[in-house]
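Read through the structure below, which is laid out as structure tokens, and then see the notes.
Numbering (the numbering used here), first residue to last: 574 to 706.
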């Protein structure tokens, strides 16, 4: 396993590369196939959100070595317009992009830890963590 990885999110191809990197690391640290699918799905949704809503961003990917089990932490950040109402943005079915409105709320359900920081004009940072079982 390598150290932390930074990856840009500027194109649809970058979203695919993020998915591939997350899947590889998730398998490497021993996440079950179900948990691999969950973290890859969350990564895909969050990368796509950064691309669509902010015009791009980046992800910091880190393997965690917890006391009893390994984990994977992903920090998505962008310098986009920010989110004016975090509670509304986390409401299932609410969307500003014409989608299903499951990106943020769905990602939150798929991971063990979820943190969203955003404000209008200040961009967005979403941190998610999935621990091996």
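Virtual Cβ for every residue (Gly too), placed ideally from N, Cα, C.
**Q.** Cβ neighbours of residue 686 in the same chain (closer than 7 Å, five flanking residues each side left out)
**A.** 701 and 702
Q) So what does DSSP say about residue 674, is it helix, strand or coil? A) Since pLDDT at residue 674 reaches only 43, below the 50 mark, its modelled position is unreliable, and no value is offered.
Q) Which first and last residues belong to the alpha helix (DSSP H) in which residue 520 is found? A) Past the boundaries of the shown model lies residue 520; the chain is included only from 574 to 706, so the question cannot be answered.
Q. Taking DSSP as the reference, what is the three-state secondary structure of residue 684?
A. coil
Q: Could you spell out the range, first to last residue, of the beta strand (DSSP E) harbouring residue 635?
A: 630-638
Q) Three-state secondary structure (DSSP) at residue 710? A) In this structure the chain extends from 574 to 706, so residue 710 is not present and cannot be described.
Q: Starting from the C-beta of residue 622, find all residues in its chain whose C-beta is less than 6 Å away, skip the five residues before and the five after it, and write them out in chain order.
A: 676
Q. If you draw a straight line from the C-alpha of residue 588 to the C-alpha of residue 641, how long is it?
A. 31 Å
Q: Could you name the residues of the same chain whose beta carbon sits closer than 6 Å to that of residue 652, not counting the 5 residues immediately before and after it, in chain order?
A: 696
Q. In whole angstroms, what separates the C-alpha of residue 632 from that of residue 643?
A. 19 Å
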